[in-house]
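In our numbering, the protein residues as written are 555 to 991.
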């Protein structure tokens, strides 16, 4: 877009009342450099030259950013705010990628912006999906993609000021705004003039996301969060489930170390089942195998069969299934944490509010509210029928661990007794499998 650069440079030079010779002298460049830039003859302008011209023209931050963006051919800065690398072994999610491609196409039309929230249990691959989709769809947006890691599950999430600093730096703003409010105003001003793709990864809640949403048309915003972000008005929802058997096989075949598993179809199928189709667990498994060449796939699967060791084994360096669960667990309110871990006292295929009420000794409406809050936090899924809830098998193991660690043995036994009494009164078959098995 060197033509746009030339038009902007001419306009700002004229507004400053400078000739080409005077601007060249101020910036310490040749007159022909200014002339060629204004005529659009320079395919790849030197960044330092354009910065110096912007300084000598005393441009405002929005005008300076527009000039630098035009000099880059409409692209963003390749430093802060750029997308993380795509996963080489990304597999599956064809339906979700089609939906996101449709959202990108809609956002590319004039006057339309789209916000898509991808939510799900810890480790289900939300971040991997939005980053992969952003790489696929970046070509639709002349400005390219922006990325902010909101670190919603950390003890100290990314603040609004930090997020704005990343965005403004990516847009070429070099002078820090005097306040967060000023930075927010500048971000919205710059975003209003662009069509772009913004990835907000690992959001804790709506309050972290809402101020960063661009107000202008032509934006696609992809948000990943364990929280459903129900209060984010106008957003499209994409709850992400576990991988299908076919997607699991594809991921294992594509992963580093997965080849040893893929050749043993029986071991691959059982590994997928033991990991519950959870991408983080599968990646931990194949990476652990990759660094333990003396283990056969079948040997590792046999180790994983032991439920008491499974979460210990599903870790490879900083890829840790238990750690992902713990980060979400500790952010729950104490009463909701208690409901979650009490579910670990009864390994049922599905749960209901009366079952949770029996386990906790609380009224049914209170238990139902706790279950819904677990769904919102990505720690519990919804069942096939209204009022039914499902707990991922690995989360069920984690709940049982937390139950053993955080509840006195007397309370654990009391919860099981209350549930047994409830099932006897209602008929065990109406609620699911025997919880005391």
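We treat Cβ as the ideally placed atom computed from N, Cα and C, and that holds for glycine.
Everything numeric in this text was worked out from a predicted model, so none of it was measured.
Determine the direct distance from the alpha carbon of residue j to that of residue i, and round the result to whole angstroms.
i, j, result
"residue 646", "residue 865", "24 angstroms"
"residue 630", "residue 769", "Per-residue confidence for residue 630 stands at a pLDDT of 39, beneath the threshold of 50, marking its modelled position as unreliable; no derived number is given."
"residue 980", "residue 938", "21 angstroms"
"residue 640", "residue 702", "15 angstroms"
"residue 738", "residue 764", "12 angstroms"
"residue 975", "residue 959", "25 angstroms"
"residue 819", "residue 828", "14 angstroms"
"residue 952", "residue 711", "24 angstroms"
"residue 799", "residue 806", "11 angstroms"
"residue 887", "residue 604", "52 angstroms"
"residue 564", "residue 750", "26 angstroms"
"residue 986", "residue 841", "Model confidence at residue 986 stands at a pLDDT of 49, short of 50, so the residue's coordinates are unreliable; what they give is reported in the following sentence. Taking the straight line joining both Cα atoms gives about 36 angstroms."
"residue 628", "residue 736", "Its pLDDT being 45, under 50, residue 628 is placed unreliably by the model, and nothing is read from it."
"residue 695", "residue 734", "27 angstroms"
"residue 612", "residue 567", "10 angstroms"
"residue 915", "residue 705", "35 angstroms"
"residue 966", "residue 859", "25 angstroms"
"residue 843", "residue 877", "19 angstroms"
"residue 560", "residue 595", "9 angstroms"
"residue 582", "residue 783", "52 angstroms"
"residue 532", "residue 867", "For residue 532 there is no data in the structure shown, the boundaries of the chain being 555 and 991."
"residue 941", "residue 685", "33 angstroms"
"residue 894", "residue 748", "44 angstroms"
For the candidate residues the options, whose alpha-carbon lies nearest to that of residue i?
i, options, result
"residue 590", "696, 610, 617 and 625", "625"
"residue 956", "892, 945, 663 and 909", "892"
"residue 671", "793, 682, 586 and 807", "793"
"residue 821", "740, 755, 653 and 850", "850"
"residue 756", "771, 741 and 776", "776"
"residue 754", "914, 885 and 716", "716"
"residue 785", "779, 766 and 759", "759"
"residue 727", "888, 608 and 925", "608"
"residue 836", "846, 796 and 953", "796"
"residue 970", "909, 714 and 942", "909"
"residue 934", "904, 876 and 704", "904"
"residue 569", "599, 601, 614 and 583", "614"
"residue 700", "673, 679 and 752", "752"
"residue 856", "925, 823 and 871", "823"
"residue 623", "869, 897, 767 and 725", "725"
"residue 669", "637, 868, 789 and 663", "789"
"residue 913", "779, 612 and 896", "896"
"residue 667", "899, 927, 599 and 746", "746"
"residue 620", "894, 868, 599 and 558", "558"
Using the Cβ count rule (16 or more neighbours within 10 Å means buried), how would you classify residue i?
i, result
"residue 593", "exposed"
"residue 917", "exposed"
"residue 862", "exposed"
"residue 801", "buried"
"residue 787", "exposed"
"residue 906", "buried"
"residue 778", "buried"
"residue 632", "Low local confidence applies: a pLDDT of 38 at residue 632 is under 50, so the model's placement there is unreliable, and no value is given."
"residue 693", "exposed"
"residue 845", "exposed"
"residue 761", "exposed"
"residue 658", "buried"
"residue 901", "buried"
"residue 978", "exposed"
"residue 872", "exposed"
"residue 719", "buried"
"residue 578", "buried"
CB residue i to CB residue j, shorter than 8 angstroms?
i, j, result
"residue 929", "residue 936", "yes"
"residue 677", "residue 832", "yes"
"residue 546", "residue 707", "Given that the chain is displayed from residue 555 to residue 991, the structure contains no residue 546 and the question cannot be resolved."
"residue 772", "residue 946", "no"
"residue 617", "residue 809", "no"
"residue 804", "residue 825", "no"
"residue 996", "residue 774", "Past the boundaries of the shown model lies residue 996; the chain is included only from 555 to 991, so the question cannot be answered."
"residue 731", "residue 721", "no"
"residue 949", "residue 854", "no"
"residue 651", "residue 610", "no"
"residue 687", "residue 654", "yes"
"residue 689", "residue 637", "yes"
"residue 682", "residue 781", "no"
"residue 924", "residue 889", "yes"
"residue 588", "residue 600", "no"
Can you check whether the C-beta of residue i is within less than 8 angstroms of a C-beta belonging to chain D?
i, result
"residue 609", "The displayed structure is made up of one protein chain only, and chain D is not part of it."
query: Which ranges does the alpha helix (DSSP H) cover as unbroken runs of at least 4 residues, wholly within the region 729 to 810, from first to last along the chain?
result: 734 to 746, 760 to 763 and 799 to 808, all fully within the region 729 to 810.
- request: List in chain order: all unbroken alpha helix (DSSP H) runs of 4+ residues lying wholly within the region 642 to 725.
  value: 648 to 661, 680 to 691 and 714 to 724
query: In chain order, which beta strand (DSSP E) runs of at least 3 residues are fully inside the region 849 to 933?
result: none
task: Write down every uninterrupted run of the alpha helix (DSSP H) in the region 559 to 601 whose length is 4 residues or greater and which is fully enclosed by it, in chain order.
output: Runs of the alpha helix (DSSP H) inside the region 559 to 601: 574 to 581 and 585 to 592.
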